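Novice: In order, the protein sequences belong to chains C and G.
Residue 279 in our numbering sits at position 188 of the first sequence; the count goes up by one each step and never skips.
Residue 253 in our numbering sits at position 209 of the second sequence; the count goes up by one each step and never skips.
Every residue, glycine too, gets a C-beta built ideally from N, C-alpha and C.
A quick note: this is a predicted structure, and the numbers were derived from the prediction, not measured.
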Amino acid sequence: MKLESKVPPGSLATKWTEYKSKMNLVAPNNKRRLEVIVVGTGLAGASAAATLGELGYHVKCFTFHDSPRRAHSIAAQGGINAAKNYQNDGDSVYRLFYDTIKGGDYRSREANVHRLAEVSRDIIDQCVAQGVPFAREYGGLLANRSFGGVLVSRTFYARGQTGQQLLIGAYQALSRQISLGTVQMYNRHEMLDLVKVDGKARGIIVRNLLDGKIERFAAHCVVLATGGYGNVFYLSTNAMGCNATAAWRSVRRGALMANPCFTQIHPTCIPVSGEYQSKLTLMSESLRNDGRVWVPKSVSDAKAIQKGEKNALDIAEGDRDYYLERRYPAFGNLVPRDVASRAAKVACDEGKGVAPTGLAVYLDFAEAIDRYGRARAHSRGIGNPTEAQVIELGEEIIRQKYGNLFQMYEKITGEDPYKMPMKIYPAVHYTMGGLWVDYNLETNVPGLFALGECNFSDHGANRLGASALMQGLADGYFVIPYTIGAFLSQEIRTPKFSTDLPEFAEAEKSVKDRIDRLMSTNGNQSVESFHRRLGKIMWEYCGMSRTAEGLKKGIDEIRALRKEYYEQVYVPGTKAEFNPELEKALRVADFLELGEVMMNDALNRNESCGGHFRYEYRTPEGEAKRDDDNYTYVAAWSWSEDGKILMYKEDLVFENVELKTRSYK
Amino acid sequence: MKINLKVWRQKDSKDKGHFETYPVEANEHMSFLEMMDVLNEDLLAQKKEPVAFEHDCREGICGACSLVIDGRPHGPQTGTTTCQLHMRHFKSGDTIIVEPWRANAFPVIKDLVVDRSSFDRVIQAGGYISVNTGQAQDGNAIPIEKGLASRSMDAAECIGCGACVAACPNGSAMLFTSAKVSHLGLLPQGKVEHVNRVRGMVAQMDKEGFGNCSNIEACEAECPKEISVVNIARMNRAYIGASIVEE
Numbered sequence: 092m093k094l095e096s097k098v099p100p101g102s103l104a105t106k107w108t109e110y111k112s113k114m115n116l117v118a119p120n121n122k123r124r125l126e127v128i129v130v131g132t133g134l135a136g137a138s139a140a141a142t143l144g145e146l147g148y149h150v151k152c153f154t155f156h157d158s159p160r161r162a163h164s165i166a167a168q169g170g171i172n173a174a175k176n177y178q179n180d181g182d183s184v185y186r187l188f189y190d191t192i193k194g195g196d197y198r199s200r201e202a203n204v205h206r207l208a209e210v211s212r213d214i215i216d217q218c219v220a221q222g223v224p225f226a227r228e229y230g231g232l233l234a235n236r237s238f239g240g241v242l243v244s245r246t247f248y249a250r251g252q253t254g255q256q257l258l259i260g261a262y263q264a265l266s267r268q269i270s271l272g273t274v275q276m277y278n279r280h281e282m283l284d285l286v287k288v289d290g291k292a293r294g295i296i297v298r299n300l301l302d303g304k305i306e307r308f309a310a311h312c313v314v315l316a317t318g319g320y321g322n323v324f325y326l327s328t329n330a331m332g333c334n335a336t337a338a339w340r341s342v343r344r345g346a347l348m349a350n351p352c353f354t355q356i357h358p359t360c361i362p363v364s365g366e367y368q369s370k371l372t373l374m375s376e377s378l379r380n381d382g383r384v385w386v387p388k389s390v391s392d393a394k395a396i397q398k399g400e401k402n403a404l405d406i407a408e409g410d411r412d413y414y415l416e417r418r419y420p421a422f423g424n425l426v427p428r429d430v431a432s433r434a435a436k437v438a439c440d441e442g443k444g445v446a447p448t449g450l451a452v453y454l455d456f457a458e459a460i461d462r463y464g465r466a467r468a469h470s471r472g473i474g475n476p477t478e479a480q481v482i483e484l485g486e487e488i489i490r491q492k493y494g495n496l497f498q499m500y501e502k503i504t505g506e507d508p509y510k511m512p513m514k515i516y517p518a519v520h521y522t523m524g525g526l527w528v529d530y531n532l533e534t535n536v537p538g539l540f541a542l543g544e545c546n547f548s549d550h551g552a553n554r555l556g557a558s559a560l561m562q563g564l565a566d567g568y569f570v571i572p573y574t575i576g577a578f579l580s581q582e583i584r585t586p587k588f589s590t591d592l593p594e595f596a597e598a599e600k601s602v603k604d605r606i607d608r609l610m611s612t613n614g615n616q617s618v619e620s621f622h623r624r625l626g627k628i629m630w631e632y633c634g635m636s637r638t639a640e641g642l643k644k645g646i647d648e649i650r651a652l653r654k655e656y657y658e659q660v661y662v663p664g665t666k667a668e669f670n671p672e673l674e675k676a677l678r679v680a681d682f683l684e685l686g687e688v689m690m691n692d693a694l695n696r697n698e699s700c701g702g703h704f705r706y707e708y709r710t711p712e713g714e715a716k717r718d719d720d721n722y723t724y725v726a727a728w729s730w731s732e733d734g735k736i737l738m739y740k741e742d743l744v745f746e747n748v749e750l751k752t753r754s755y756k
Numbered sequence: 045m046k047i048n049l050k051v052w053r054q055k056d057s058k059d060k061g062h063f064e065t066y067p068v069e070a071n072e073h074m075s076f077l078e079m080m081d082v083l084n085e086d087l088l089a090q091k092k093e094p095v096a097f098e099h100d101c102r103e104g105i106c107g108a109c110s111l112v113i114d115g116r117p118h119g120p121q122t123g124t125t126t127c128q129l130h131m132r133h134f135k136s137g138d139t140i141i142v143e144p145w146r147a148n149a150f151p152v153i154k155d156l157v158v159d160r161s162s163f164d165r166v167i168q169a170g171g172y173i174s175v176n177t178g179q180a181q182d183g184n185a186i187p188i189e190k191g192l193a194s195r196s197m198d199a200a201e202c203i204g205c206g207a208c209v210a211a212c213p214n215g216s217a218m219l220f221t222s223a224k225v226s227h228l229g230l231l232p233q234g235k236v237e238h239v240n241r242v243r244g245m246v247a248q249m250d251k252e253g254f255g256n257c258s259n260i261e262a263c264e265a266e267c268p269k270e271i272s273v274v275n276i277a278r279m280n281r282a283y284i285g286a287s288i289v290e291e
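1. Taking 8 Å as the threshold, find out whether the segment 258-278 of chain C comes into contact with the segment 122-142 of chain C through three or more Cβ pairs.
2. In chain order, what residues of the segment 330-341 of chain C put their CB closer than 8 Å to some CB of chain G?
3. Check the Cβ-Cβ distances between C/Gly169 and every residue of chain G, and say whether any is below 8 Å.
4. With a CB to CB cut of under 7 Å and the five nearest residues on each side skipped, what residues in its chain are close to C/Ser158?
5. Taking the alpha helix (DSSP H) that C/Gln355 falls in, what are its first and last residues?
6. List the residues of chain G whose Cβ lies closer than 9 Å to the Cβ of C/Pro757, in chain order.
7. Provide the residue span of the beta strand (DSSP E) that contains C/Cys439, from first to last.
8. For my contact list, C/Gly319 and C/Leu555 are in at a C-beta cut-off of 8 Å; report their separation, rounded to the angstrom.
9. Measure the CB-CB distance between C/Ala459 and C/Ile489 and report whether it falls below 8 Å.
10. Are C/Gln397 and C/Gly365 touching if we call contact CB-CB under 8 Å?
11. Please compile the residues from chain G whose C-beta is within a distance smaller than 8 Å of the C-beta of C/Arg267.
12. Any idea what DSSP makes of G/Cys257, helix, strand or coil?
13. Is it right to say C/Ile646 is buried, meaning 16 or more other beta carbons lie within 10 angstroms of its own, or is it exposed?
14. Is G/Gly204 close to chain C? Criterion is C-beta to C-beta, closer than 8 Å.
15. So the alpha helix (DSSP H) C/Asp392 belongs to, where does it begin and stop?
16. Taking Cβ-Cβ distances below 9 Å as the criterion, which residues of the segment 497-525 of chain C are in contact with chain D?
17. Residues of chain C with CB under 7 Å from G/Cys267, in chain order?
18. Identify every residue that forms a DSSP beta bridge with G/Tyr66.
19. Can you confirm whether C/Ser369, when its beta carbon is compared against all beta carbons of chain G, has any partner nearer than 8 Å?
20. Going by the CB atoms, is the gap between G/Lys269 and G/Cys202 shorter than 8 Å?
21. So, does the segment 651-662 of chain C touch the segment 312-330 of chain C, judging by three or more C-beta pairs under 8 Å?
22. Less than 8 Å between C-beta atoms, sequence neighbours within five positions excluded: which residues of the same chain meet that for C/Tyr500?
23. Alpha carbon to alpha carbon, how far is G/Ala265 from C/Ala249? Give it in angstroms, no decimals.
24. Using 8 Å as the cut-off, can you tell me whether the segment 584-598 of chain C makes contact with the segment 216-235 of chain C, which would need three or more C-beta pairs spanning the two stretches below that distance?
25. Output the distance between the C-alpha atoms of G/Phe134 and G/Glu78, rounded to the nearest integer angstrom.
26. CB C/Asn544 to CB C/Ala559, shorter than 8 Å?
27. Which residues does DSSP pair with C/Trp730 in a beta bridge?
28. Are the CB atoms of C/Ala393 and C/Tyr414 nearer to each other than 8 Å?
29. Assign C/His469 to one of two classes, buried (16 or more other C-beta atoms within 10 Å of its C-beta) or exposed (fewer than that).
30. So with CB distances below 8 Å, who are the chain G contacts of C/Tyr177?
31. Can you find a CB in chain G that lies within less than 8 Å of the CB of C/Leu233?
32. C/Lys122 to C/Cys312, Cα distance in whole Å?
33. Hey, is the segment 173-185 of chain G in contact with the segment 213-220 of chain G, meaning 3+ C-beta pairs nearer than 8 Å?
34. To which residues does DSSP link C/Met513 through a beta bridge?
35. Classify C/Phe547: buried if its beta carbon has 16 or more other beta carbons within 10 angstroms, exposed otherwise.
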C-alpha cells in the first residue's frame with residue numbers, strides 16, 4: 092500500500108488558498124441529501140458537526156457522554172495559539188508554522204502544519220463572535236501570554252479554563268444546529284465498530300449505553316473526532332472515559348495507526364500519591380511563565396525532604412539547582428514539554444526528587460510574587476514597601492493570573508502553593524500519534540476522516556503548549572468543511588445506505604460476539620486491575636525513556652496480559668442494561684492491542700525525537716539524538732484479524748524548512 | 045481510615061430504590077471518587093454489582109460527577125466538585141450518606157446516575173449566539189471592557205453539573221439558565237439575541253419540569269463554581285422586560 096499525502100502543488104504559503112478555491116463543491120440541494128456521521132463532541136467533533144450542519148449536510152453526531160459538553164477538551168487549561176501578532180512581537184503565520192515544525196522535532200507534514208498556522212487566526216475571530224470570554228487588556232483588546240518552546244506571546248486564554256470556554260462555544264454552535272434540525276444528536280451512544288461497504292466507510296455500529304441495545308447507523312461518510320489514547324497508560328491527565336475504541340476499531344477495519352509511539356509526557360502534573368490513584372491532574376504549562384523549576388543541589392538535602400525532615404524553604408538559595416535555567420539558558424523554564432519532562436526525570440533519577448516517593452520537583456513562585464509585588468508597590472506609589480506588603484501585592488497578581496490553578500492544587504494536595512512551592516512530576520498527557528490521514532484529513536479508508544487528537548497530522552513527535560485546542564478547532568471549523576467536499580462531491584449520485592446490508596449485519600455480529608466473550612468469561616479479576624497492570628507495563632517500557640531490550644520485554648508482557656484478560660476478567664451485570672463495567676471492559680480490550688502496536692513503533696524507531704526518547708540514541712549531554720537519514724518518515728501500522736502487525740511508510744519531505752538539531756540552549 | 049458508606053441503590057428508573065451500607069477502608073489522600081473506586085473493587089471481588097456513579101475528568105471541570113454527600117450536592121466543601129473532594133475532610137469512623145441528584149427534571153438512570161439531558165435542551169432553546177463559521181470579523185474589532193469580560197467569564201464558568209437544581213427545594217434551574225443568559229447577554233456579541241434567548245430558555249426550563257425560584261439561594265451556596273444569584277436577578281429583569289417587548 093502506498094500512502095499518498097495528497098498535498099496539493101504550489102508554494103507553501105498559498106497552496107491551501109489555491110486548493111480551496113479550485114476544489115469541487117457540493118451544491119446546496121445535494122448537501123441536504125448527503126449524510127455525515129460525526130463521532131465525538133470535543134473541540135474537533137463539535138465544531139465539525141456544527142459547521143457541517145450549517146453548510147446543510149445531514150449530520151448524525153455521537154458521544155458516549157451524557158452531553159456533548161463533557162468531552163475532555165473541556166479540561167484544557169492554558170490557552171490556544173494563534174498567529175495574530177497582536178503583541179507586535181514578531182509573530183507571523185510562518186513563525187507559528189516554524190515553531191510547530193521545530194517543536195515537533197521535524198516529524199510532521201509541512202503543508203498540514205502551515206495550513207494550521209494560517210487558519211489559527213480565523214479561530215480566534217470565530218470564537219470571539221460566539222461569545223467566548225477571552226481575557227482582555229484594560230483597553231478592551233484581547234490579551235496574550237507565552238507558552239513553552241516559543242519566543243513570542245501568541246496564546247489567547249480564558250483564565251485557566253480556555254478549553255472549557257472554547258468547548259462551550261462549540262457546544263453552543265452544535266446546540267444551535269440541533270435545534271435547527273440539521274444535526275441529530277445521540278448522547279450515551281458509543282461507537283464499537285466501523286462499517287465499510289465496497290471499501291468505503293459507510294456507517295458505524297454503536298451501543299446505546301442506557302439499555303445496551305446494539306444499533307446500526309449509515310451515512311455517506313464517517314468523521315472520527317474521538318481524541319487520543321493516553322489512557323493506555325492508565326494513569327494520565329486524560330479523563331477516565333477517554334478511550335481509543337473508535338479509532339482502534341477503525342484500524343481493525345483497515346485504517347492505519349500513525350506514529351503511535353509519539354506520546355507527550357507533560358512536565359507539570361501533580362505527583363502520584365498512592366496505589367489507589369485513578370488519574371493525574373495537570374497544572375497548566377502557563378505556570379512556567381512565572382514558576383521556576385528546581386531541585387536541591389545535594390542528594391542529602393533531597394533525602395531529608397523525602398523523609399519529611401526538611402522542606403523547600405529550608406534549602407538556601409545557593410543550594411538550589413534551577414536546572415532548566417542552568418541547562419537551557421535561552422528558553423529557561425519555558426523549554427518545550429518533552430525537554431522539561433526528561434530533565435525532571437534526570438533530576439529524580441539522580442536522587443534529587445522532593446516527594447516521599449522521590450518522584451517530584453519544585454515549581455516555585457516566590458521570585459515571581461516578589462517581582463510582581465515590588466512592581467505593583469511601585470505603581471501604587473509605595474516607596475519603601477515592607478516584605479509583607481510586597482508578598483501581599485505579589486500574591487494578588489499571581490491570584491489573578493493563576494488563581495483557579497492554585498486553588499485546584501491546594502484542594503488535591505492540601506498544601507498552600509502561595510507559601511510552599513508546588514511539587515510536580517511529568518505525566519502522560521497527549522498523544523501526537525493517531526490515525527494516518529492525508530492532506531484532506533481522510534484516512535487510507537475512503538470516506539473515513541479523522542480530526543483533532545484522533546489523527547497524527549500536525550504535531551510530529553512533540554506538541555507545543557496551547558496547540559491542541561488550535562488543531563481541534565482548525566480541523567473542525569476550517570479544514571474538514573472544505574476537504575470533506577473532495578470526497579462527497581463524488582457521492583452526489585449515491586443513494587442513502589440501508590442498514591440492512593450484509594456488511595452492517597456482519598459488523599453488528601462481531602460487536603455482539605466481542606461483548607458476549609467478555610460477559611461470559613466470568614473470571615476473578617476486575618477490568619480496572621487489568622488496566623492498571625497494562626498502564627504499568629506501558630509506563631515502564633514505553634514511557635519517558637525507552638530501550639530496545641525493554642520494549643521487547645514489554646511486548647511479551649502485554650501479550651501475556653491480553654491472554655490472561657480473556658481468561659480472567661470479570662464483568663458484572665448483563666449486556667442489556669446500563670453497565671459501566673462492560674463499557675470499560677470493551678475499551679481496555681482495545682488498549683491491550685494498541686499498546687502492543689505502540690511498543691512495536693517505539694522499537695522500530697531507532698532514534699530519539701520529541702516525546703520518543705530511546706536511551707540508546709542520545710548525545711553525550713543526554714539530549715535526544717535524531718536520525719534524519721533513516722527516520723524522516725511517518726510509520727503507519729496495520730493490525731490484521733490474526734494479530735499480525737505491518738508497517739507502511741510515508742516519507743516526510745521538507746521543502747521549506749531545514750532540518751536542524753533542536754536546541755533550546 | 046474506616047468509613048461506613050450508606051449508598052443509594054436503584055436498579056433503574058422504575059425501581060423504587062433503597063439505601064445499602066458498606067464498610068470501606070480509605071486513606072486520607074484519596075479523592076472521594078477514589079474511595080468509591082475502592083468500594084467498587086471490593087464489590088467486584090465479591091462478584092456483586094458495583095455502584096454506578098457518573099464521573100469523567102476528575103479535575104472539577106467536566107461537570108459529570110454528581111453526588112449528594114451527607115445531604116449536600118458535591119459534599120461539605122464549598123466551591124468543590126465531588127471529584128475534587130478529598131477524604132482528609134472526613135474522620136475515621138464516619139458514616140457518609142451518598143445519594144443521587146434528586147429533582148423531577150433529573151430522573152435516576154441507575155444508582156447515583158441521573159439523566160440531565162434537560163440541561164442540553166435548555167441550551168438548545170437559545171443558549172448560543174447565532175453566528176455561522178466563517179462569518180466573524182477580527183477578534184479585536186469589538187473591544188470589550190476588561191471588567192465586563194470578567195463578569196461574563198464568571199457566569200461562563202458554569203460546568204452544567206446540576207448541583208444548583210439538586211440543592212433547590214423547588215428543583216429550579218434558574219441559576220444554570222441565568223448563568224448562560226448572563227455569559228452571553230453581557231457581551232456585545234450576545235446582546236442582539238438577548239431578549240429572545242431569555243424567552244426561549246425560560247420557556248424550555250418550564251417545559252422540562254424545573255421548579256420556580258423562591259430566592260432561597262441554596263444554588264449559589266452549593267455551586268462548585270460559586271456562580272452568583274445576581275445572574276438570576278439579571279435574567280428576571282430581562283424576562284420582565286421581554287414581556288413588554290413585541291416578539
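Specialist: Result, derived from the coordinates:
1. Touching, yes.
2. Legend: CB atoms of the segment 330-341 of chain C lying less than 8 Å from CB atoms of chain G belong to residues Ala330, Met331, Gly332.
3. Cβ-Cβ to chain G under 8 Å: no for C/Gly169.
4. Excluding sequence neighbours, C/Ser158 sits near Asn278.
5. From DSSP, C/Gln355 is part of no alpha helix (DSSP H) but of the beta strand (DSSP E) over 354-360.
6. Only positions 92 to 756 of chain C appear in this structure, which leaves residue 757 of chain C out of reach.
7. That residue, C/Cys439, is in no beta strand (DSSP E); its alpha helix (DSSP H) goes 428-440.
8. With a Cβ gap of about 16 Å, C/Gly319 and C/Leu555 do not count as contacting.
9. In contact: C/Ala459 and C/Ile489 (Cβ atoms closer than 8 Å).
10. Going by C-beta atoms, C/Gln397 is not nearer than 8 Å to C/Gly365.
11. Residues of chain G passing the Cβ test: Gln168, Tyr172, Ser174.
12. Looking at G/Cys257 - three-state DSSP - the assignment turns out to be coil, as it is neither helix nor strand.
13. With 16 or more Cβ atoms within 10 Å of its Cβ, C/Ile646 is classed as buried.
14. Interface with chain C (8 Å Cβ-Cβ cutoff): G/Gly204 is included.
15. For C/Asp392, the uninterrupted alpha helix (DSSP H) run begins and ends at 390-397, by DSSP.
16. No chain D appears in the structure shown, which is made up of the protein chains C and G.
17. Within chain C, no residue comes near G/Cys267; the closest Cβ sits about 14 Å away, beyond 7 Å.
18. Per DSSP, the beta-bridge partners of G/Tyr66 are G/Leu49.
19. True, the Cβ-Cβ gap to chain G drops below 8 Å.
20. Here G/Cys202 is near G/Lys269, since their CB atoms are less than 8 Å apart.
21. Not touching, per the Cβ criterion.
22. Hits under 8 Å: Ile361, Met374, Glu506, Pro508, Met513.
23. If you take the alpha carbons of C/Ala249 and G/Ala265, they lie about 24 Å apart.
24. At 8 Å Cβ cutoff, the stretches do not touch.
25. Those two C-alpha atoms are separated by around 14 Å.
26. Looking at the sequence shown, residue 544 of chain C is not Asn but Glu. Taking 8 Å as the cut-off, the Cβ atoms of C/Glu544 and C/Ala559 count as close.
27. C/Ile736, per the DSSP bridge assignment.
28. Their beta carbons are not under 8 Å apart, which means C/Ala393 does not touch C/Tyr414 by this criterion.
29. So C/His469 ends up on the exposed side.
30. Correct list: Asn184.
31. C/Leu233 counts as touching chain G.
32. Roughly 13 Å between the two C-alpha positions.
33. Touching, no.
34. Note: C/Met513 sits in a beta bridge opposite C/Leu454.
35. Around the beta-carbon of C/Phe547, 16 or more other beta-carbon atoms lie within 10 Å, marking it buried.
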